[in-house]
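All residue numbers in the sequence shown are consecutive under our numbering, ending with 633. We treat Cβ as the ideally placed atom computed from N, Cα and C, and that holds for glycine. All values reported here derive from a predicted model rather than from experimental measurement.
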Amino acid sequence: MPPFKSSVGSLFGGLQLGYNRELPSRVVLGVETDLSFPNYLDFDDIIWSGVNANGRVTEKVDYYGSLRGRIGYAPARWLIYATAGLAYSQGRLTEDPFDPATQKKIGFRAGWVAGAGVEAPVDGNWTARIEYLYSNFGSLNVMLPSGTSYGSTFDLHTVRLGLNRKLGGSAKEPSGAGDTITSPIYWEMQGQSTYIQQGYPAFRSPYYSTNSFTPGAQSRETWSNSLFLGVKLWDGGEFYYNPELIQGYGLNATFGAAGFPNGEAQKSNFSYPHYITSRLYLRQTFGLGGEQETVQSDYGQMAGKRDVSRLTFQIGKFAVHDMFDNNTYAQDPRTQFLNWSIWAAGAFDYPGDMVGLTYGAAAELNQQAWAVRAGYFLVVVHPNTNDFDMELGKRGGYVGEFETRYEVLSRPGKLRVIGWMHDTLSGGYRDALNLAAATPGLDLTTAIDLTQQGRIKYGYVFNVEQAVTDDIGVFGRWSWNNGKNQISAFTDIDSSLSGGVSIKGTSWGRPEDTVGLAGAVNEISKDHRDFLAAGGMGILVGDGRLNYRPERILETYYTVKVAKDATFTFDYQFLQNPAYNADRGPVSVLSGRVHAQF
């Protein structure tokens, strides 16, 4: 290929580990290693993409890292330093129209890195840094599947912000980077890691398509690692930042069932970890006086006291489910039920990108016996993408929720009623069918794209939870949407009924263990099923044809506490009529989940 030059900018996130030693002269010597991964958004991992005589060539980066020495000086409680060493990266090359799943080349590069930075203590054993690094990863020369040779060089100018924690402490640490101090700013840090291995045996399938579970046995894994930083800014003001590294694939690349069996499966699907800023928002709470309550430190919540009667505003990047459609017994696939239509309301097409996140503003008025919430959120410009529609006011998603709290036989319960609507650019199922019928040779995928215009989708959710004893709780959800046009973000469900029970293991001497049992019945509208039966494809489903029946799901799990902050879960799911198709299945899905948090 001819020489080329390309300049790109992107966001990376990762991990680092190091060791430092301070000399009597206050000179600091150290060694560090780090590993960084590209952002999850489309194209953020692309180094270069261009066209040759055989098609399009794309080079992507999987990760890059370094092993560096560090020398610095600590004049006070901070450290200024220079660093240099070995840099390396791994990427992959694909050539279209060759199949990128099989016609790919893995490229490894090695080079050098140098830079400088400043590090200062934050609180206790925590330090923060800012640094600049120039990384030259050298050249790469490979032969592509078509027989074309490909060569390139790759270098990066990087500005990095970092947060480090000092481990151990027996050796003397640099006074500029590790002295124990008490910060004037109150802040908290939470973290978690969740690994899920999931698979199914071969099942009956007379036919299948790209959006189907393949009939042969398969197993896939997902892995997420998260930090959640909360900072108290002023009275009632809090800032939250939630960086994550996500990796893995859902079964069949997250296609095949409307009630998908892994709540951690991302629609993006990554062979290597990718960085994601999952949450970045500001919260302001105004206490209205009266009785106070004590809250414990948790994800998205700092420990302390707050007025029961309060008004809260939140703005930034977060998930709609952070504030809406909560349920004590079925909400978090990292610790509870895994199936999408059980841990969430299946027909609630909430605003979000391919990993369920969006930007928006929401408010909550809370009282002793009730709460009311409302929010406005950005929607994607095209169904099931990561690109948000910035026509504020003209396009967007609106969500409202009323929650009432009550007691039955002195046991607490909650009922939440949610109404929602969004105005998005989407295609109509019936319009696409009519257009395809009137245009010989036009496929339904193209037809529904051609019918896209501003359309309104709306629906409701009833969400109930009830404690039966100290160790047993039941829950249920009923959700519905109008089912006339494309799903925007969640999954191919137009109505869903789910419910179940959660039981703590106190009665058999394992009070920290949990057993869960739940079921769901999912359905789609007449227009939606006609579209799929004619060969249309949805966000998660589409077998090319359809013998319609409601999708029925049964899920049960047992969670064992194996350490103070770690659990193991065995999960079984039975999917009858997966993707609403009575010709295929049933499918038995087995899962193992390891979860740790601090």
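Contact belief for residue i with residue j at Cβ below 8 Å, rounded distance in angstroms
i: G351; j: Y394; result: 7 Å
i: L468; j: F566; result: 6 Å
i: R56; j: T229; result: 36 Å between Cβ atoms; not a contact.
i: D77; j: N419; result: The Cβ separation is near 12 Å, so there is no contact.
i: V86; j: G142; result: 19 Å between Cβ atoms; not a contact.
i: S523; j: T459; result: 5 Å
i: P250; j: D618; result: Incorrect: roughly 11 Å between the Cβ atoms, too far for contact.
Proximal residues to residue i (C-beta, below 8 Å), its chain only, five neighbours per side dropped
i: A398; result: L346, T347, F348, Q349, R408, A409 and G410
i: A404; result: T439, R440 and Y441
i: T486; result: G462, G463, D466, A467 and L470
i: Q336; result: G265 and V330
Candidates the options: closest to residue i by CA position
i: S313; options: N557, V597 and Y334; result: Y334
i: G428; options: A406, L479 and G489; result: G489
i: A145; options: G100, L567 and A117; result: G100
i: L64; options: A617, T504, T118 and S45; result: T118
i: P296; options: S623, S71 and W543; result: S623
i: F437; options: R105, S170, M358 and I231; result: M358
i: A288; options: T320, L280 and Q233; result: Q233
i: S332; options: Q366, T183 and K340; result: K340
i: G104; options: E94, L52, F78 and V96; result: L52
i: Q253; options: G159, L479, K201 and Y235; result: Y235
i: D367; options: G431, R628 and V194; result: R628
i: E256; options: D270, N304, E590 and T249; result: N304
i: G432; options: L400, A396 and S445; result: A396
i: K201; options: N160, G186 and W222; result: N160
i: S170; options: K539, F189 and T329; result: F189
i: L589; options: Y243, K596, Q608 and V597; result: Q608
i: V92; options: S184, V597 and A122; result: S184
i: V639; options: L102, D79, L58 and E94; result: Residue 639 is absent from the structure shown; the chain starts at 36 and stops at 633.
i: L392; options: V452, N374, I453 and P278; result: P278
i: G272; options: G291, L262, F321 and P386; result: F321
Check whether residue i and residue j have beta carbons under 9 Å apart
i: G107; j: V62; result: yes
i: V536; j: G571; result: no
i: I483; j: F525; result: no
i: T549; j: Q371; result: yes
i: Q282; j: W258; result: yes
i: D360; j: A338; result: no
i: P308; j: N260; result: yes
i: G294; j: S531; result: yes
i: A553; j: F510; result: yes
Which of helix, strand or coil DSSP assigns to residue i
i: F295; result: coil
i: F563; result: According to the sequence provided, residue 563 is His. The question's Phe does not apply to it. In this structure, H563 counts as helix in the three-state DSSP scheme.
i: G489; result: strand
i: L128; result: strand
i: P250; result: coil
i: N469; result: helix
i: N171; result: strand
i: K40; result: Bear in mind that a pLDDT of 48 at K40, under 50, signals an unreliable position, so the model cannot answer this.
i: S205; result: Confidence is the limiting factor: at S205 the pLDDT is only 44, short of 50, which leaves the residue's position unreliable and the question unanswerable from this model.
i: D77; result: coil
i: N304; result: coil
i: V92; result: strand
i: I377; result: helix
i: Y583; result: strand
i: D97; result: strand
i: Y385; result: coil
i: T183; result: coil
i: V576; result: coil
i: P546; result: strand
i: H630; result: strand
Cutoff 7 Å; reference residue i; Cβ partners in own chain excluding five residues on either side
i: P135; result: Unreliable placement is indicated for P135, whose pLDDT of 48 sits below 50; the coordinate value is still reported in the next sentence. T129.
i: R587; result: V556, Q611 and N612
i: G620; result: F238, R239, L610, Q611, N612 and P613
i: N516; result: A382, D384, K492, Y493, G494 and D529
i: N616; result: D578, L581 and N582
i: L50; result: D69 and L70
i: F72; result: F47, G48, G49, Y98, L280, Y307, P308, H309 and Y310
i: T591; result: G551, L552 and Y607
Same chain only: Cβ atoms within 6 Å of residue i, ignoring 5 sequence neighbours per side
i: Y276; result: L264 and L315
i: R580; result: none
i: V390; result: Q301
i: F274; result: V266, L268 and L317
i: G518; result: D529, S560 and H563
i: F353; result: R314 and Y316
i: T193; result: L168
i: E223; result: G265, S332 and M337
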